[in-house]
Each structure stands twice: as C-alpha cells, then as structure tokens.
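Novice: The numbering of the sequence shown is this note's numbering, which starts it at 3 and goes up by one.
Idealized CB from N, CA, C, for every residue including glycine.
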Amino acid sequence: MTQSTAATTILDEITQTISNLPKGKILCSGEAFKIAQRIADKAVSNEMPDLPETEKKRAVLAILHEAYPTAREIIATQFIGMTFEQIVDIIKQARERFQGTRELAITPKPTLAYTGECEPLDPWNLISNAIHADLAAKEAQAKGDWNDADEELANEIERTQQMLHFICQREVNVGDITGKPFNGTITRHTRVIPLS
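1) Straight-line CA distance for F184 to D52?
2) Under a three-way DSSP split, which group does E119 fall into?
3) Helix or strand or just coil, what does DSSP make of P183?
4) Measuring CB to CB, does I108 end up less than 8 Å from P122?
5) To which residues of the same chain is T17 closer than 7 Å at the C-beta, ignoring the five residues directly before and after it?
6) If you count every other CB in all the chains shown that lies within 10 Å of the CB of N127, and 16 or more means buried, which is it?
7) Quick check: what's the CA-CA separation for P196 versus V62?
8) Using the beta-carbon count (16 or more within 10 Å), is L106 buried or exposed?
9) Does the stretch 82 to 99 come within contact of the stretch 174 to 188, defined as at least 3 CB pairs closer than 8 Å?
10) Roughly how far, in whole angstroms, is the beta-carbon of F168 from the beta-carbon of V174, given that I think they are within contact range, below 8 Å?
11) Which residues in the same chain as N157 place their Cβ atom closer than 7 Å to its Cβ, once the five residues preceding and following it in sequence are excluded?
12) Residues in its own chain within less than 7 Å of Q95 by CB, not counting five upstream and five downstream?
13) Decide if R40 is buried, meaning its Cβ has at least 16 other Cβ atoms within 10 Å, or exposed.
14) What distance in whole Å lies between the Cβ atoms of A78 and I12, which are believed to be in contact at a cut-off of 8 Å?
15) The alpha helix (DSSP H) spanning D147 covers which residue range?
16) With respect to the alpha helix (DSSP H) encompassing L2, which residues constitute its N-terminal and C-terminal limits?
17) From R97 to F35, what does the alpha carbon distance come to, in whole angstroms?
18) For P51, name the three-state secondary structure that DSSP assigns.
19) Ordered along the chain, which non-local residues of its own chain (more than five positions away) have a Cβ less than 7 Å from that of V194?
Right, here's the structure in full:
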C-alpha cells in the first residue's frame, strides 16, 4: 500500500463511517484521527516492517499529512446548514436543561497571548460553555434523568462543539455563518506536523 493509497483508504473509511452513523450522531475529529492512525500504522507495518522505528513514525506522519486536509473537509460536511445563531441557542438550551440557567458562563481567555475574560459570544467562550453543558448532560444521563429530547439535545451539543473547533481553528469564519447556514466550505491550513 503506497502512501497515497493509504491516505485514500483513510478518506474512504471516514466517509463510510459517517454515512453509517445513526441519525443525529456525528464522527468527531478525534474519532476520525483514530481511524487515520490505525490505517496509517497498519500500512507502514505491512509495507515496511523492517524500517527503524523513527522511520516508521515518519512514514505514518507522511500518510496522515496527506490525508489531513481532505479529512477535515469530509468531517465539516456534517455541519452543513448550521448557523452561528443556532450554535448559541443550542448551548443556551443545553445549559438551561442540564445546568439550570440559559446564561452563558464567562471563561478566561485560553492562551497566555490574551489576558482577561472572553466576550460571551467569543468562540472560545462558547466552546467552554458547550463542553460544560456536555459534561452536565452526561451526569444527568448517568443519574437516569434522561429522555428522548435530552438525547437529541446531547447530539446537538456534540455537533456544536465540533463546529466550534472548526471556528477556533480558523477553518470557518463566524461572519460566514452569521445569519446564513454553513455551506461546508472550510479554509485549508497546512498543518505542521514535525516529520522528525
């Protein structure tokens, strides 16, 4: 299996996995990475079993490098139709249901480059609120305080979190989805993965 064949296999499996998901479920970026890692590891082990370990790692990273940009585009198709307003509303609904308030919590800015607190609708603040609402939903489910509407809301909060990752990575611009639905187009960034 060549590097390009392995990359194509990764993209095919990610696409197939998404198409086989139950209604309302999504393939998260982390799960997609596990698929990619498994296929790349297997391809390198099968095709180049005698390579030194450091060279194997470089070969795996080269496969992941090739698959990454298109894999991100495939994952983004799951969020077509979402608007920024929907993202905010879903987070507020989830906070109300699982945390008892529709108010957004205000979190500190995420890096040393920024000081102070986020604005309420800052994507970093929204993602923090989404994560906490998701954790509260999991607690409610574990306690049995759960119904079909909660399941649907939990699925939506997961979609929202993933879409916010695309926004925070600057692959999607908030202005492009404010008042209009996401069309699936993302900004490609060259991901710098050290090959040594």
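Specialist: On the basis of the supplied data:
1) 46 Å
2) strand
3) coil
4) yes
5) I76
6) buried
7) Caution is warranted here: a pLDDT of 48 is assigned to P196, below 50, making its placement in the model unreliable, and the coordinate value is therefore given only provisionally. About 12 Å.
8) buried
9) yes
10) 4 Å
11) G26, K27
12) L155
13) exposed
14) Going by Cβ atoms, the distance from I12 to A78 rounds to 16 Å, so no, they are not a contact pair.
15) Taken as a continuous stretch (DSSP letters only), D147 belongs to no alpha helix (DSSP H), as it is neither H nor E.
16) In the structure displayed, the chain extends from 3 to 198; residue 2 sits before or after that span and is not available.
17) 29 Å
18) coil
19) Residue placement at V194 cannot be trusted, given a pLDDT of 48 that sits under 50; what the coordinates show is reported in the next sentence. No residues qualify anywhere along the chain.
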